[in-house]
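One structure is given below, encoded as structure tokens.
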Amino acid sequence: MSDNGGKGMLKSFDELVKLDVRPYCDVRDAKDESGKLIKVPYLSWAKCVKLLHENGAESVWYAPVECPETKTYLWPQAKVVTSKGRETECWFVRVLIHIDGMEYTYDTPLLNGSLVVYTDTLNQLRINNALARAFVKGVAIRTGLGFDLWAEGDTDDGEDDLSRHSIWAIKERLERLITIKEKNGLDHRDLLASVGISDKQLNNLMGYFATIDKLEKAVSKL
Numbered sequence: 003m004s005d006n007g008g009k010g011m012l013k014s015f016d017e018l019v020k021l022d023v024r025p026y027c028d029v030r031d032a033k034d035e036s037g038k039l040i041k042v043p044y045l046s047w048a049k050c051v052k053l054l055h056e057n058g059a060e061s062v063w064y065a066p067v068e069c070p071e072t073k074t075y076l077w078p079q080a081k082v083v084t085s086k087g088r089e090t091e092c093w094f095v096r097v098l099i100h101i102d103g104m105e106y107t108y109d110t111p112l113l114n115g116s117l118v119v120y121t122d123t124l125n126q127l128r129i130n131n132a133l134a135r136a137f138v139k140g141v142a143i144r145t146g147l148g149f150d151l152w153a154e155g156d157t158d159d160g161e162d163d164l165s166r167h168s169i170w171a172i173k174e175r176l177e178r179l180i181t182i183k184e185k186n187g188l189d190h191r192d193l194l195a196s197v198g199i200s201d202k203q204l205n206n207l208m209g210y211f212a213t214i215d216k217l218e219k220a221v222s223k224l
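Following this note's numbering, the numbering of the sequence shown begins with 3 at its first residue and continues without gaps.
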């Protein structure tokens, strides 16, 4: 901790990057590559602000930045529609970060963990979480505080249940890939012929995701 009682200049990047923030972290549930449930630490925005003050900062705040096109806090990148008709605009959020005499912006994608957020799953909580996440990561990159948490692998704010290898994440990636290929001019029938399956077989394969999900839940209850 700082020995300056929170007064004076913020410590340097080299000093803050050495500060172990894990004792101040909360944890969220996630799954590793083998599907095993693990605990992942994350630093909340409030504790991030407190640690900055305790290490020399006098004025710390962040604010969402409105997109001039949408007049909202969502910054669309590209509109994507899945084969099932679900839409997303690959949104980002942007925050203005103020630490004493330093002000800068930081952007981060709006995600449900590592999963895509579609138009029909947008809500205030996810937007607020993304804004807080942008602040904490923006602080880490510029000041070094909590940097190692991100260097070891991106974490979210703990509000959304996340598995990077979720069966539904794989399904969504496949749907997006098919949609992109067809938007780029590949005929649906040619796509199916190229991978050696019929439309009926594709639908059957897509149905397996729900079956596997039910199996995983059943086994986890044993």
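All C-beta atoms in this analysis are idealised placements derived from N, C-alpha and C, irrespective of residue type, glycine included. The model shown is predicted, which means the values in this text are computed figures rather than measured ones.
L193 and K183 look like a contact to me (Cβ under 8 Å); what is the Cβ gap, rounded to whole Å?
Working through the sequence shown from its first residue, we reach residue 193 at position 191. Working through the sequence shown from its first residue, we reach residue 183 at position 181. At roughly 6 Å, the Cβ-Cβ gap stays under 8 Å, so L193 and K183 are in contact.
In its own chain, which residues sit with a C-beta less than 6 Å from the C-beta of V221, not counting the 5 before and 5 after it?
Reading the sequence shown from its first residue, position 219 is the one you call residue 221. Cβ neighbours of V221 beyond the five flanking positions: none.
Spatial neighbours of E105 within its chain, please: CB distance less than 8 Å, with the 5 preceding and 5 following residues excluded, ordered by chain position.
On the sequence shown, residue 105 is found 103 positions in, with the first residue counted as 1. Cβ contact annotation for E105 (same chain, cutoff 8 Å, sequence separation greater than five): L98 and I99, in chain order.
Among S196, V197, A212 and P70, which residue has its Cα nearest to the Cα of E174?
Residue numbering aside, residue 174 sits at position 172 when the sequence shown is read from its first letter. For E174, the nearest C-alpha among the options comes from A212.
Measuring CB to CB, does T145 end up less than 9 Å from L54?
As a first step, residue 145 is located in the sequence shown; it is residue number 143 there, counting from the start. As a first step, residue 54 is located in the sequence shown; it is residue number 52 there, counting from the start. A contact, by the Cβ cut-off of 9 Å.
Whole-number beta carbon distance between T123 and E89, since they are thought to touch under 8 Å
Against the sequence shown, residue 89 aligns to sequence position 87. Against the sequence shown, residue 123 aligns to sequence position 121. In fact, because the Cβ distance is near 11 Å, the residues do not count as touching under 8 Å.
Given that a residue counts as buried once 16 or more other Cβ atoms are within 10 Å of its Cβ, and exposed if not, what is D22?
In the sequence shown, the residue the question calls residue 22 occupies position 20. The residue is exposed, with fewer than 16 neighbouring Cβ atoms inside 10 Å.
Taking the C-alpha atoms as reference points, what is the distance between G209 and K202?
Working through the sequence shown from its first residue, we reach residue 209 at position 207. Working through the sequence shown from its first residue, we reach residue 202 at position 200. Straight-line measurement puts the Cα of K202 at about 11 Å from the Cα of G209.
Selected residue, minimal CA-CA separation from E17, among L147, I199 and L224
As a first step, residue 17 is located in the sequence shown; it is residue number 15 there, counting from the start. Looking at the Cα atoms, L147 is the closest of the given residues.
Would you kindly work out how many angstroms separate the C-alpha atoms of A59 and S196, rounded to a whole number?
Position 57 of the sequence shown, counted from the start, is the residue given in the question as residue 59. Position 194 of the sequence shown, counted from the start, is the residue given in the question as residue 196. Straight-line Cα distance between these residues: approximately 59 Å.
Which residues in the same chain have their Cβ closer than 7 Å to the Cβ of K86, if we skip the five residues on either side of it in sequence?
Walking along the sequence shown from the start, residue 86 turns up at place 84. Only E177 meet the Cβ criterion.
Using the C-alpha atoms, what's the distance from C50 back to E218?
Translated into positions along the sequence shown, residue 218 becomes position 216. Translated into positions along the sequence shown, residue 50 becomes position 48. Rounded to whole angstroms, the separation of the alpha carbons of C50 and E218 is 36 Å.
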